[in-house]
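Just so you know, the sequence shown maps onto residues 357 to 502 in our numbering.
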Amino acid sequence: MNNNLLTGISLSDNTPFEDWATNILPWLREAMNDVAEGITGDIATLLDKQQRYTAYAGALVEIYAKAEAYYKTKLAEAMEAAIKEGVSASLVARIAEGKIATVIRFYEAIHRFNSTLTDQLMAVAARLKYEGALMWGDRGGQEKPK
């Protein structure tokens, strides 16, 4: 894995969104591939994955917020333009979404990755708890049998 994966993202408000999104796509692709491997392995591997996934989640916070803000802004602008063009109110949203399809795809990819990452972090935590219970006899707060 690339050692710069977690630190290789530079977010700048001066960079146009399309350039910024294109620049982080390699990071996003590599992080998604890492998370897609699943939670197999021994405890040391799981702990390593938990640390990496948590780092991804931390890096993703600003990316997700930026992508969502840009998506909503562009959607509102496209809807206003469609209304000014005299488009029927029932079609405004669909036409606006069609005009910003690339932005929507990027935002949805970030959203899916965020959801998958959350699910994987919960699965890793559950698996580590289970492994701990096997090793140390933790019964999850239940009383031990007499």
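Glycine included, every Cβ here is placed at the ideal spot set by N, Cα and C.
Boundaries for D369: no alpha helix (DSSP H) harbours it, and the DSSP string shows neither H nor E there. Here I395 really is in contact with L402; their C-beta atoms are around 6 Å apart, less than 8 Å.
In the three-state scheme derived from DSSP, where H, G and I count as helix and E and B as strand, L490 is classed as helix. Look at I395 here: in three-state DSSP terms it is coil, with no helix or strand label.
Every alpha helix (DSSP H) of 4 residues or more that sits fully in the segment 422 to 499 is shown, in chain order, as 448 to 455, 457 to 492.
For the set A438, V417, R385, D475, the Cα lying nearest the Cα of G454 is the one of A438.
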